[in-house]
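The next block holds one structure in the form of structure tokens; read it before the comments.
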Amino acid sequence: MPSQSRIHRTTVRSLLGGVGVLLAVGFPLSATAQDPSLAPSGRFSVYRTTAAQTPPMGWNPWNAFRTDVDETKVREVAKAMVDTGLARRGYRFVNIDDGWALKRLPDGRIRIRDSMFPSTARPGSVTGSFRPFTDYIHGLGLKAGLYTDIGRNTCAQRWDAESPNLPVGTVVERQVGSYGHAVQDIRTIFADWKFDYIKIDACGVADYTPDVAPVKAGLYQASDPLIVRGNIPASDPNAVEHLYAVLGDAVHQWGGEDATMSICAWGEALSPLWGKMRGNLWRTSPDIEFTWQSMLENIDSVIDGALYAGPGHWNDPDMLAIGHGDFDVEHLTEARAHFTMWTIMASPLLLGYDLRHSPAALLDIVGNPEAIAIDQDPAGNQGVPYRSGAAMVVVRTLRDPGERAVAFFNRGTVPIDANVSRAQLGLASGSAATVRDIWAKKDWATTGDTITVKLPAHGAILLRVAGTPGDPDAVWLDEMPARINVAVDGLTQATALPMGQFPARIGTAPDGTPLHGEGAGASRGIGAFANSRLEIRADRAFRRFEVTPAVLSGHHSVRFRVYADRKLVKDVVAGPAQTAVPIEVDVSSAKIVELVALAPGGVARLPMIAWGSARFMR
Ligand code: GAL
């Protein structure tokens, strides 16, 4: 497994201490053609889990209350989630965020702040127990989540310094993060307290450097940062991944495979690339603020990441800001647009406003069953974007044959038209289609090859389209991103992408340029770097695989290999300036098909490549 080899390098580095700096400098080394990680695995090697088969839905108090969270509020919101009907619509998790921990005791256990969570106090118990709380939540038919940090301290200790609800005691007692206590904490949270979900933050390894004021003042122990915010090369992705891996193992051990593991490293330290190996969901961006601009940035952090998401593993552009600021009840257009984008992107739907006093108009948005059904579609495909000026059109392939969801979204403040063609929807040109407008709750009649809509400022339209697939026997790779795992991405320091860009993408090269070089239909392919390996769950459903491999950059030839259940079934070399040649491969009865692109040894800047016009035939 690639990530394990990364972790191994970290170990080597830390063993060598300072001497090892030249070895990795905080950046995963690229795979080389000889690297065992480029050999076929025969597996779909993502986080082992039965949880989060669709994106998690629920509520988290952070956006409403920050550390001013107490048991009465959380219980009442949980009750409101049931009474408003949201629970019936799929909202299930009630998560406690930062602010619950009072101190770490000398034996390593954590004492709960029972002044805020009174039911946790137990005669004779110094720690207290969340059992009465989780029993209550479970009694409502809901699930409960809790929060910790991979470092020694949490985010509120650093960023909500004025809060009256921060941990108390000595420097060591205030170390309520899980660093050095991973197994003990996870065991308590899952085995004793019976939580179902854990959100694991990362400020403890980012924000307590020797130079910051509270550390200088002796309030917190200094630690060298594993995450330097916004700076991947200065961060240590290997070490961060390793800490999450240890916690993920502990979650498996004490919570079982049905426990949900949420990684909150804000897209830093390449977490969107390895998150799928280590948890069920991972943040791709900084915290959402209650502004349109912040929401756009969070969309952009995730919109090209379809190859990284699927059942059990989801990109997380953060909790919903609906109910606040630019998305409050005075801004229903924006609230609807926000919800539209989260559902089309298969994002977790975690509400963050006070549900005890929800305006009905907001419940109509977040409780719209047809919008929720798109988010929760069992195929788990994240939508794929087309952009044109301020307009974004995002197409999501749903489970049922010929069914698509499409979101039209206006980023700007000027009304615009947006359109989508039958071809972009993967539907037969000129065929009839039924169109359901999910916000207007109306069916439309369509004719012609293009659906055109008018979008007001910040407007969005969400449609469910049912039609005839372009070729009923073909499934293009862009229609099945949830069944593709980027097992090795070929990312190196030389090819480093800006934060937020994914090294394997649908429809474009990793740098966003078109998949030129192999002719018509090219955009229906995958762009990646050489020295990459994709695992595809074919699930014995296909007879043939057709693809046009091409080299998109550099001056080197690339070897393209296709494996069916670890057996090499095609091995071709394509040169940089060569006309691309389509290939066909028999994959009948293969469970896992793997696509490996190999650059010759010693190439510093790995070429970008395309698996162009790629499709399976039934
Ligand atoms: C941030 C995190 C937020 C919230 C907060 C708690 O790092 O992204 O979602 O959990 O910490 O302090």
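By my numbering, the letter at position 260 of the sequence shown is numbered 1391, and the numbering carries on one by one without gaps.
Positions of the beta carbon are idealized from the N, C-alpha and C atoms, including for glycine.
All values reported here derive from a predicted model rather than from experimental measurement.
Within 8 Å, strictly: CB atoms of residue i and residue j
i: L1412; j: I1394; result: yes
i: I1475; j: V1525; result: yes
i: I1227; j: V1200; result: yes
i: P1186; j: P1479; result: yes
i: Y1310; j: I1281; result: yes
i: A1468; j: I1453; result: no
i: E1304; j: R1235; result: yes
i: V1716; j: V1700; result: yes
i: A1074; j: R1360; result: The chain is shown from 1132 up to 1749; residue 1074 falls before or after that span and cannot be answered.
i: D1506; j: G1173; result: no
i: A1721; j: R1671; result: yes
i: P1254; j: E1202; result: no
i: R1664; j: V1727; result: yes
i: A1522; j: A1549; result: yes
i: K1274; j: D1327; result: yes
i: L1451; j: W1473; result: yes
i: A1353; j: I1268; result: no
i: I1329; j: M1392; result: yes
i: V1678; j: I1740; result: no
Cα-Cα separation between residue i and residue j, rounded to whole angstroms
i: R1414; j: P1448; result: 6 Å
i: P1600; j: L1481; result: 33 Å
i: P1159; j: N1499; result: Residue confidence for P1159 is low, a pLDDT of 42 falling below 50, so the modelled location carries little weight and cannot support an answer.
i: I1615; j: R1636; result: 11 Å
i: D1380; j: F1321; result: 13 Å
i: V1682; j: F1224; result: 46 Å
i: K1204; j: I1243; result: 17 Å
i: G1656; j: N1194; result: 39 Å
i: P1364; j: A1588; result: 38 Å
i: T1581; j: L1217; result: 35 Å
i: A1155; j: L1357; result: With a pLDDT of 29 at A1155, under the threshold of 50, the modelled position of that residue is not reliable, and the figure given next carries that caveat. Each residue's Cα considered, the two are about 13 Å apart.
i: I1496; j: D1342; result: 45 Å
i: N1284; j: P1298; result: 9 Å
i: L1401; j: K1325; result: 31 Å
Residues of its chain near residue i, where Cβ-Cβ distance is below 6 Å and the 5 sequence neighbours each way are ignored
i: E1207; result: R1487
i: V1812; result: The requested residue 1812 does not occur in the structure, where the chain is confined to residues 1132 to 1749.
i: A1376; result: R1409
i: T1471; result: A1538, A1591 and L1593
i: P1171; result: Y1694, R1697 and E1725
i: T1577; result: A1564 and V1566
i: A1296; result: Rather than Ala, the amino acid found at residue 1296 in this sequence is Asn. Around N1296: T1198 and G1230.
i: A1559; result: T1599 and G1601
i: R1595; result: A1536 and R1567
Residue burial classification, residue i (beta-carbon count within 10 angstroms, cutoff 16)
i: A1390; result: buried
i: A1182; result: buried
i: S1489; result: buried
i: T1639; result: buried
i: Q1306; result: buried
i: G1406; result: buried
i: Q1555; result: buried
i: A1669; result: buried
i: R1553; result: buried
i: R1535; result: buried
i: A1344; result: exposed
i: T1301; result: exposed
i: H1312; result: buried
i: R1530; result: exposed
i: V1641; result: Checking the sequence shown, residue 1641 turns out to be Pro, not Val. Buried, by the Cβ-count rule.
i: W1290; result: exposed
i: Q1121; result: No statement about residue 1121 is possible, as the shown extent of the chain runs from 1132 to 1749 and does not include it.
i: G1276; result: buried
Residue-level contact to chain B via CB, residue i, 8 Å cutoff
i: L1622; result: The question asks about chain B, but that chain is absent: this structure has only one protein chain.
Sequence-distant residues of the same chain with beta carbon closer than 7 Å to residue i, five excluded per side
i: S1432; result: G1398, T1415, S1416, P1448 and G1631
i: H1833; result: The shown model of the chain, from 1132 to 1749, leaves out residue 1833, and the question about it has no answer.
i: P1532; result: P1600
i: R1220; result: G1498, P1500 and I1503
i: Q1184; result: P1442 and G1443
Cβ-based neighbour list, residue i, same chain, cut-off 8 Å, excluding 5 preceding and 5 following
i: A1605; result: R1746, F1747, M1748 and R1749
i: K1573; result: R1567
i: Q1315; result: G1239 and R1240
i: R1675; result: E1715, V1716, D1717, V1718, S1719, F1747 and M1748
Report task. Report the residue ranges of all beta strand (DSSP E) runs contained in full by the stretch 1164-1216; include only those spanning at least 3 residues, in chain order. Result -> 1188-1190
Report task. Only counting runs of 4 or more residues, tell me where the alpha helix (DSSP H) segments fall wholly within the stretch 1416-1495, in order along the chain. Result -> 1423-1431 and 1463-1475
**Report entry** 3-residue-minimum beta strand (DSSP E) runs that sit fully inside the stretch 1663-1725, ordered along the chain
**Finding:** 1663-1668, 1675-1682, 1689-1695, 1698-1705 and 1714-1717
Query - Whole runs of the beta strand (DSSP E) within the stretch 1612-1659, excluding any shorter than 3 residues - result: 1615-1619
Requested in this report: At 4 residues or longer, and completely inside the stretch 1244-1304: list those alpha helix (DSSP H) runs for me, N to C.
Outcome: 1262-1270 and 1286-1290
Query - Whole runs of the beta strand (DSSP E) within the stretch 1532-1589, excluding any shorter than 3 residues - result: 1534-1541, 1547-1552, 1565-1568, 1573-1576 and 1581-1586
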